[in-house]
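Since the structure comes first, as structure tokens, the remarks are kept for the end.
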Amino acid sequence: MFLVVVWPLLFVIIVIPVVILLYGITRWQSETVEIRKRLERGRTRTDVRRFDPDEIKDLPAPVQRYFRAVLPTGQPIIAVAEIAQRGEFKRDHAKADWVSFTAQQISVMQRPGFDWDARIRKLPGIQVFVHDSYVTGEARLKAALLGLWRAVEHNDTPELARSELTRFLAEAPWYPTRLLPSQGVHWTAIDDSSALATLQDGQTQASVTFLFEEDGMIRAARSDSRNRLEQGALVETPWEGSFSGYETRGGMRIPIHGEAAWLLAANGRDPFWRGQVTDVLYKFAS
């Protein structure tokens, strides 16, 4: 009699949640595979294979210092960067509501694109799955509880595309050869510690102001055109990403630690993401 009562209860408590979890993971992974196939199909080749210092001689002084600090002569040009991350994400800018996350990101240099595939902890055993992507000029932001129940979804608009291309450009310190003029980035001088980088992809243009340390390293990237979720809507908000803890990966100096913050008129600098690169794999142009 005991087993007759307990087994159905165990089935409801244990088996059904596990089946739901596995189904959500499988469905999400299938979607991830399709996004990354589209990234691969959209890839184009660069004619430049290695870094030649001659191409930076006319750039603003802080940009020249940066490339000399992070790229050795003859450094192979990156084609794809696969980046693993972990850290914390703040769900509500009005609260100190930090939750942990892990993410796997793939960034394709030509044509510029990326997919950030993250798991954000909501409750013990409960995760929100997130895709933040820019693929062949199309932007998408999707979050789903356990990969099944949609919490947020915004698909391609000109504003979202500009925001996502801005993110791609601002994160280029993790794949520094992408910032070279030969790779399509135009640099404009500001002063001795900052310069404006501009990237065009089809009809979409992104501009980011990079701030440099005295040793040449990028310490921050700023933009006025990132989209912030506000009550389910996307609102363009000034934004800053900061970088630190430079280490050598793939022959290049890249930042291991980072933080992202909204620059709010009412509350000032409001961090919402902080994390570190736990692993990175580069595929170089051939």
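Adding 314 to a residue's 1-based position in the sequence shown gives its number in the working numbering. Just so it is clear, CB atoms sit at the ideal spot from N, CA and C, and this is done for glycine as well. These numbers were taken from a predicted model, which means no experiment stands behind them.
| Query | Result |
| --- | --- |
| Neighbour-count burial assignment, residue 474, 16 or more Cβ in a 10 Å radius | buried |
| Close-in-space but distant-in-sequence residues of the same chain around residue 493 (CB under 7 Å, 5 per side omitted) | 486, 499 and 511 |
| Rounded C-alpha distance that separates residue 350 from residue 429 | 7 Å |
| Residue 587 and residue 579 closer than 8 Å at C-beta | no |
| First through last residue of the alpha helix (DSSP H) which encompasses residue 378 | 375-384 |
| Under 8 Å between C-beta atoms of residue 425 and residue 356 | yes |
| Three-state secondary structure assigned by DSSP to residue 371 | coil |
| Coil, strand or helix - residue 496 by DSSP | helix |
| DSSP three-state assignment for residue 539, whether helix, strand or coil | strand |
| N-terminal and C-terminal residue of the beta strand (DSSP E) that residue 561 is part of | 547-563 |
| Residue 390, DSSP secondary structure in three states | strand |
| Segment contact, 8 Å Cβ cut-off, at least three pairs: the region 536-554 with the region 465-482 | yes |
| Among 365, 344, 347 and 353, the one whose alpha carbon lies nearest that of residue 497 | 365 |
| 6 Å Cβ shell around residue 432 - same chain, five flanking residues per side excluded | 415, 417 and 444 |
| Contacting residues, own chain, Cβ-Cβ under 8 Å from residue 594 (five flanking each side not counted) | 395, 396, 397, 398, 488, 563, 564 and 568 |
| Residue 357 (DSSP reduced to helix, strand or coil) | coil |
| Through-space distance from residue 505 to residue 423, alpha-carbon basis | 28 Å |
| DSSP-derived helix/strand/coil call for residue 399 | strand |
| Assumed close pair residue 273, residue 385 - CB separation to whole angstroms, cut-off 8 Å | Outside the modelled stretch of the chain, which goes from 315 to 600, sits residue 273, for which no answer is possible. |
| Separation of residue 576 from residue 548, as counted between CA atoms | 13 Å |
| Cβ distance (whole Å) where residue 513 is taken to contact residue 503 below 8 Å | Actually they are not in contact, since the Cβ atoms of residue 513 and residue 503 sit about 17 Å apart, beyond 8 Å. |
| Reference residue 572, options 358, 411 and 401, closest by Cα | 401 |
| Straight-line gap, residue 440 to residue 348 (C-alpha atoms, nearest Å) | 24 Å |
| Contact under 8 Å by Cβ, residue 390 with residue 598 | yes |
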